[in-house]
Structure formats: C-alpha cells, structure tokens
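Engineer:
2 protein chains.
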Amino acid sequence: MVKRLSLGEENCPVARALDVIGDWWSLLIIRDIFDGLHRFGEIQENLGVAKGVLAARLRNLSERGVLETAPASDGTAYSEYVLTKKGRGLFLVIVALRQWGEAYLYERGEKHSLLVETATNRKVAALQLMSSDGRELTCDKTSVQKLAK
Amino acid sequence: MVKRLSLGEENCPVARALDVIGDWWSLLIIRDIFDGLHRFGEIQENLGVAKGVLAARLRNLSERGVLETAPASDGTAYSEYVLTKKGRGLFLVIVALRQWGEAYLYERGEKHSLLVETATNRKVAALQLMSSDGRELTCDKTSVQKLAK
DNA sequence: TCATCCTAGTTCTATAATAAGACCAGATCG
DNA sequence: CGATCTGGTCTTATTATAGAACTAGGATGA
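So the sequences go chain by chain: A and B. Quick note: the first sequence uses the working numbering, first residue 2, plus one each step. Quick note: the second sequence uses the working numbering, first residue 2, plus one each step.
(1) Using only alpha-carbon positions, find the residue among L62/A, Q45/A, E108/A and A127/A that is nearest to D134/B.
(2) Checking 8 Å against the spacing of the C-beta atoms, do R32/A and V50/B come in under that value?
(3) Could you check whether R65/B and V21/B sit closer than 8 Å to each other, using their CB atoms as the reference points?
(4) Go ahead and pull the three-state DSSP assignment for Y79/A.
(5) Please report the straight-line C-alpha distance between G110/B and C13/A, rounded to a whole angstrom.
(6) Considering only the alpha carbon of each residue, which of E108/A, S114/A, A78/A and M131/A lies closest to F92/B?
(7) Between K142/A and E118/B, how many whole angstroms is the CB-CB distance? I'm expecting something under 8 Å.
(8) Can you find a C-beta in chain B that's less than 8 Å from the C-beta of H113/A?
(9) Where do the N-terminal and C-terminal ends of the beta strand (DSSP E) with A18/A fall, by residue?
(10) Give the residues from the region 85-105 of chain B that approach chain A closer than 8 Å (Cβ to any Cβ), ordered along the chain.
(11) Leaving out the 5 sequence neighbours to the left and right, which residues in its chain are closer than 7 Å to Q45/A when beta-carbon positions are compared?
(12) Return no unless some Cβ of chain B is closer than 8 Å to the Cβ of S144/A.
(13) DSSP three-state call for S63/A: helix, strand or coil?
(14) Identify, in the order they occur along the chain, each residue of the same chain with its Cβ nearer than 6 Å to the Cβ of I95/B, setting aside the five sequence neighbours on each side.
(15) Suppose the cutoff is 8 Å on Cβ atoms and the five residues either side in sequence are ignored; what does the same chain contact list for L116/A look like?
(16) DSSP beta-bridge partners for T70/A?
(17) On the CB-based measure, 16 or more other CB atoms within 10 Å of its CB, does Y82/A come out buried or exposed?
(18) What are the boundary residues of the alpha helix (DSSP H) that includes L128/B?
(19) Tell me where the alpha helix (DSSP H) around E103/B begins and ends.
(20) What does R123/B pair with, by DSSP beta-bridge criteria?
(21) Since F41/B meets chain A, which of its residues come closer than 8 Å, beta carbon to beta carbon?
(22) Go ahead and label E103/A buried or exposed: buried means 16 or more other beta carbons lie within 10 angstroms of its beta carbon, across all protein chains shown.
(23) How many angstroms separate the CA atom of K86/B from the CA atom of V67/B?
(24) For L62/A, decide whether its Cβ has a neighbour in chain B, counting only Cβ atoms nearer than 8 Å.
(25) So the alpha helix (DSSP H) D134/B belongs to, where does it begin and stop?
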C-alpha cells in the first residue's frame, strides 16, 4: 500500500477520529470490551481475528490512550484490557452504528442483539441530534463551518 | 490477506454496519457528500485518495444502497453522487465520531471545523443516549441482550 | 514436584488491498 | 476543431491481513 495515508493532522474531527479507530478491527474490539470481554483470548475467539492483528490493534489503541491494561480481575497473574475515559467516550459512536445497522441492514423478522437499559431491560431510545436550545435537528438543517474556535 | 473476513452475516448490528462502511475510506467519502461534495473529482481532490480506490468505494457503496448516482445538478452530462435515505441515516454516526474527535483529539486552542445549525449558526448540542422514557443513560447503565426479536 | 495444559502473544508466509501515477475515452470549452 | 477537464481504468511497488506454526511463562493437577 505504500503506507496508508495518515489523517491525524486533519482539522476535521471526523478524520482525526477515523485515524484512531477507523481501521477494520478497532471498533469491534472496543465493542467487545464494552460488552464485557477483557482478555486477549476472549476477544480473539469472539472476533475470529488473527492474533497478530489483534495484538497490533491492542498495542495501537493503548498507545493512543483508548484502552489500557490492568491486572486481571480473576486474581491470576494475567492482565486484561479496559477502556480509558477516552475509550468510553466512543460509546455513542458504537450506539449510532448499532442503530443504523438495526434500521437498514436486517430483513424483517431477522434476529439481532439489542441494547437495553440494564435496570429495566428496556430498549434504549434512538439517538437524536438537538440544537443548542433543544429542538430536534435533521442532517439537512446543519452545516460544517471550517476552522472555527 | 487471504480475503478480508466478512461481517455481513453477524447478528450484531455493529458488525454488520462496519461490514458496509467500516473500511478505511467509506465514512470519509460519506462525510464529504454530507458536506456538499458530489462529484468524483471534488471528493478525490478533497480526500487525496487514489482514484482507483475511490472508484471502488463508490461502486461498493452504490451496490449496498448507501449512495446513488444522479445527473449533475449543473446541467452538464456528468453525474454526481448523492446519499440515499439509508446513506443519510449515517449522519448520527458521523456526528458521534466528530464529537468524540473534538473532545479527545485536539489540544486546547487547536482549531477544528464545527457542526452548526445552518439557520442560527449555533453549535449543535452533544448527543446523548436516553432510556425509552427519556432519562439520560451512560454506558455503564446499559447492556447488550443477545438475539432478541 | 513435575508433567501438562492454558494464555498471550511472536514469527512466518501467501495473498489481498492500497498508493501513486500513467493512461484513456468522452464531454466541455474557447 | 483543438485543448483541456472529468471520470474513470490499469499497472506496479509496497503494506496489511489471514492463517497457521511456534514459544515462553503461568496455572493446574496428580
């Protein structure tokens, strides 16, 4: 590939975000950690990803501060991967992807997993974009202003 | 790579979504179209992506119903790329990525573009996850239920 | 304690994807 | 009608990935 282009210097936050987690596996790894998988082997088995690729991804995500290693919670000498605050900030990205997938990528009647509020076991609401004063916005009511702040 | 693994059959909506738009360029292309770039040349120049890669991505996104070609709005015989309803559904994914990028990937004082409500020119509000009855939820109050409905 | 299994990787090789640029046909412009 | 623009395709060098084999150190159990 002659070295994949880097987007880390862009002044578009979307490009920078994708520079960190926009590759083929990172968001799935992060989803798995949100879902309670913390050990290398658990994630590797769940995703079916090559171990070398998983090791490289985990290393990259650690270096970039999305996740970190911690001593295993089961008392053994192994370590496990947990999300940092920055990593937990990706929750809404994953929720948005999930809701888009649910809406457009399943046939009627086809089963899929569901994100629920743990306490009530009820499905969460659809994400909505709001204006600064609380009105609902659609994509055609917004625009991107270059180089602000 | 011995053929990249496909995630299209997964029953996790996040995985299916990433199967469609989880590669290195698709979301940036879609962002560009949201930002008003509709012609091949505009997108190619803005992203700096190889033309062959862009052509392949546009073809793939068309086949999957995320975007489609339409006659050029400037009257010439060329065509342009526009988002379908399914494609416009990705707006919140891009907003979520943008807000994460803004929050975690810029130094204090570093400039970046801004998403505003066009009519008022005011910054949009941060996305929030809500329960079915309108309470704010954080990631630790939710869980994924396998194989529902 | 020692043999064995498990865990979390690293290393290796083939094949696929990408970047970069040359090339090209048809549309457009002057 | 000649020059240039548009929207690609094709080619090549290089990188990334999948898949499998290998390994070192920890855990397990007899």
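Glycine included, every Cβ here is placed at the ideal spot set by N, Cα and C. On a predicted model such as this, the values are computed, not experimentally measured, just so you know.
Structural biologist: Reading off the structure:
(1) A127/A
(2) no
(3) yes
(4) Of the three classes helix, strand and coil, the one that applies to Y79/A here is coil, per DSSP.
(5) 15 Å
(6) M131/A
(7) Sure, about 6 Å apart at Cβ, within 8 Å.
(8) yes
(9) Boundaries around A18/A are those of the alpha helix (DSSP H), P14 to I22, since no beta strand (DSSP E) includes it.
(10) K87, R89, G90, L91, F92, L93, V94, I95, V96, A97, L98, R99, Q100, W101, G102, E103, A104 and Y105
(11) Counting only Cβ-Cβ distances below 7 Å, and skipping sequence neighbours, we find K52 and L55.
(12) yes
(13) helix
(14) R32
(15) V96, R99, K124 and V125
(16) Y82/A
(17) buried
(18) L128/B -> no alpha helix (DSSP H), and no H or E assigned at all.
(19) F92 to Y105
(20) Paired residues: E118/B.
(21) Here the premise fails: no neighbours, minimum Cβ distance about 18 Å.
(22) buried
(23) Computed Cα separation, rounded: 8 Å.
(24) L62/A does not count as touching chain B.
(25) Under the DSSP assignment, D134/B falls outside any alpha helix (DSSP H); it carries neither an H nor an E label.
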